[in-house]
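Only one structure is covered here, and it is reproduced in the block below.
Encoded structure:
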């Protein structure tokens, strides 16, 4: 044997391998990527170039110990080693002998003591018989194609029976345990008997495989025969019907006729024709045929070239919008501008000055604003004014990209995305599609729907929109997309950049009153079975319902409260208690109970240390009071659930006062030796924002000087340490809230003068606005006596706590100031 000519060291490095066994006399490439294997190779190359190749019991273990390896392996000479760029090592080894490993040790690599296993030859005659049997079994199995012709010739030509047995075991797909057992058997006779048993099993498996292949081929031939027979029956039926197709005519030909009538683009039609041809060649009952049939049905039902004619009468559209919605002038103007531009484009296209693509391009609008202000319903009116179909797609909570782009046809139950579904429902390729609640889109492991909308809402790309299910481009450039959102800051910037923002502000009380009388009241009477003469609301009742029972930016709760009153009246009429009812403001308690909201009202008189500010929420504006108290102690105390920004405004106001204390005749030691307590009532409600700076500084100076702050003046604006008065947001809502509270004078930053255009004309004429650029200008209006009283030396010290004080006759009239 070849192993007898080699002298092996007693201790060698160990290279564990997974899922394979190498036998003596073999020359084999081994790839090593684990540190333990690379370390063993390096150790072998540094010594005798002898390494032990041994299999792991569990191939999933990445860092095996000696107990994780079999006891018997193969000692090998390392012929060549090559390091790859990725850090792995490729080793060429020549297997020398079977050895038993013991005393595994671990350092940078595994090493073990080895003992040579001396082979037992056995009886010569018996070995000769086993050798013949082994060759015959091997040739029988090789004829089944399990082993390549080159390997068959190489193995069959070996003279040594033990070497031939090892090579047969290596090339056949036996289990690792069986290959290892063949390696461990010292007796050559026992090894060949074991190998013959394994070959018998392999022959039986091959026989079963051949039987299965024959059965499958027979089944395929049967299906093919049935398919040809069905095709022949179709031809016979067609001839019997005189050459005309009936209901059972050629399905593929019917689909081709429908597709030809669609007028598809050449690249789209080429793809669709390929699917039709696949269906024609396929067995009708095949599972794939049903998938293709459903796909082609979608294709034929889409409006590839069906359009609704736009109604471009601007005056008629304006009348429709006015009938459906009260107010919302900016939105209506934008829609009418769209109609006017489209009409002019169409006229230029008729003269050949513009292409059809230029005519079809339109804006992507996004309506932003609080809930209930009419964002969704105005989209329906736009579709009605344009004469287009209307489709609403609710995106709130959508977390799967396939909602927009659809599923690929490889999935069971695949279907197009909601856009394609909406187009099919509309039946035209130019509907108005409302993407409702686009700011509520989510993202998960299925993808980000907002990212899928980037292509949809880009006029430069959406003419080639490709749904995953459809697999072909569909032109969305003629669709008028309208999106709605409550919180535009939650829309991804890339998506927001593709849309034109139209902001819906809160309704003022006068608008809510008109909406209630024109739309809400008639609708609720109809829904509750009442006639117009059976119930009547006075304007005072509706106004109280708006201000004391609802507090919202829109009108949804207002309609619910009207419905509640209508149901209670309906019950009284149904029971015969009354025939008709008149609902007044004094009777609302009877129907709805105690008022839920009590709006703030202006102070009764000018008070030291109390100023009036304004705030804005998504449900409207209102006023708030800032109170300051001076008492013995030290430090600044802030209460009333103030946020960080409002606290910063209070500190900035105090610093401004300290820096101007001499000019305002305020004793600095009094500021340093007093506890200054600023409180904003309604302490259970969190308050935040920079626009309370004016109210903070007015309240502080009033408390420190004893000069009362005017009760009929409300202010909003952000101040700086240097006394500048900076702009704020939400001026319209703040002014409306102040007017509701009875305020007549508004102090505002001069930079916000342009926002006055948004305030209704009747409010602008009934209130006095004071644009200010500096804190001095604010104090000149907000304090009784103005800046002159503040800069005039005062006898004695200021009172330690706020005390009521009536207005002084020396105060200048605000009507006299610009």
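In the working numbering, the protein residues as written are -13 to 804. A virtual CB, placed ideally from N, CA and C, is assigned to each residue, including glycine.
Starting from residue i, trace the beta strand (DSSP E) both ways and give me its first and last residue.
i	result
residue 601	596 to 603
residue 421	418 to 422
residue 823	In the structure as shown, the chain starts at -13 and stops at 804, and residue 823 therefore has no counterpart that could be examined.
residue 701	699 to 701
residue 148	Careful: residue 148 lies outside any beta strand (DSSP E), inside the alpha helix (DSSP H) at 147 to 157.
residue 468	466 to 471
residue 288	Neither: residue 288 is in no beta strand (DSSP E) and is coded neither H nor E.
residue 407	No beta strand (DSSP E) contains residue 407, which is instead part of the alpha helix (DSSP H) from 404 to 412.
residue 732	731 to 735
residue 568	567 to 569
residue 0	-3 to 3
Around the C-beta of residue i, are 16 or more other C-beta atoms found within 10 angstroms, so that it is buried, or is it exposed?
i	result
residue 232	Caution is warranted here: a pLDDT of 45 is assigned to residue 232, below 50, making its placement in the model unreliable, and the coordinate value is therefore given only provisionally. Under this definition residue 232 is an exposed residue.
residue 425	buried
residue 592	buried
residue 227	For residue 227, the predicted structure reports a pLDDT of 49, less than 50, and the residue's modelled location is therefore unreliable. The matter cannot be settled from this model.
residue 692	buried
residue 804	With a pLDDT of 25 at residue 804, under the threshold of 50, the modelled position of this residue cannot be trusted; read the value that follows with caution. Its Cβ having fewer than 16 others within 10 Å, residue 804 is exposed.
residue 422	buried
residue 664	buried
residue 782	Per-residue confidence for residue 782 stands at a pLDDT of 47, beneath the threshold of 50, marking its modelled position as unreliable; the derived number appears in the next sentence. That one is exposed.
residue 582	exposed
residue 55	buried
residue 614	buried
residue 716	buried
residue 473	exposed
residue 763	buried
residue 177	buried
residue 696	buried
residue -1	buried
residue 718	buried
residue 705	buried
residue 580	exposed
residue 100	buried
Pull up the DSSP beta-bridge partners for residue i, would you.
i	result
residue 613	596 and 665
residue 682	Paired residue(s): none; residue 682 is not in a bridge.
residue 447	Its beta-bridge partners do not exist; DSSP assigns none.
residue 607	602
residue 459	452
residue 488	353
residue 710	760
residue 704	712
residue 106	173
residue 755	732
residue 673	628
How about residue i and residue j: are their beta carbons less than 8 angstroms apart?
i	j	result
residue 629	residue 672	yes
residue 538	residue 313	no
residue 676	residue 711	no
residue 351	residue 475	no
residue 393	residue 455	yes
residue 262	residue 247	no
residue 321	residue 330	no
residue 165	residue 7	yes
residue 435	residue 371	no
residue 105	residue 174	yes
residue 408	residue 377	yes
residue 567	residue 576	no
residue 317	residue 488	yes
On the DSSP letters alone, give me the boundaries of the alpha helix (DSSP H) that residue i sits inside.
i	result
residue 255	252 to 267
residue 748	747 to 752
residue 14	Element bounds for residue 14: not the alpha helix (DSSP H) but the beta strand (DSSP E), 13 to 18.
residue 302	300 to 310
residue 740	Where residue 740 is concerned, there is no enclosing alpha helix (DSSP H), given that its DSSP letter is neither H nor E.
residue 772	772 to 777
residue 435	435 to 442
Is it the case that the CB of residue i approaches a heavy atom of the ligand HEM more closely than 7 angstroms?
i	result
residue 11	Of the ligands one can find in the structure shown there are none, so the ligand HEM has no counterpart to examine.
Please give the ranges of any alpha helix (DSSP H) in the stretch 313 to 354, keeping only runs that are unbroken, at least 4 residues long and fully inside the region.
315 to 336 and 342 to 346
Runs of beta strand (DSSP E) lying entirely within the stretch 33 to 100, each at least 3 residues, in chain order
36 to 41, 58 to 69 and 75 to 92
Those runs of the beta strand (DSSP E) which lie wholly inside the stretch 492 to 544 and span at least 3 residues:
521 to 523
Enumerate, from N- to C-terminal direction, the unbroken alpha helix (DSSP H) stretches of 4 or more residues contained entirely within the stretch 621 to 658.
630 to 645 and 654 to 658
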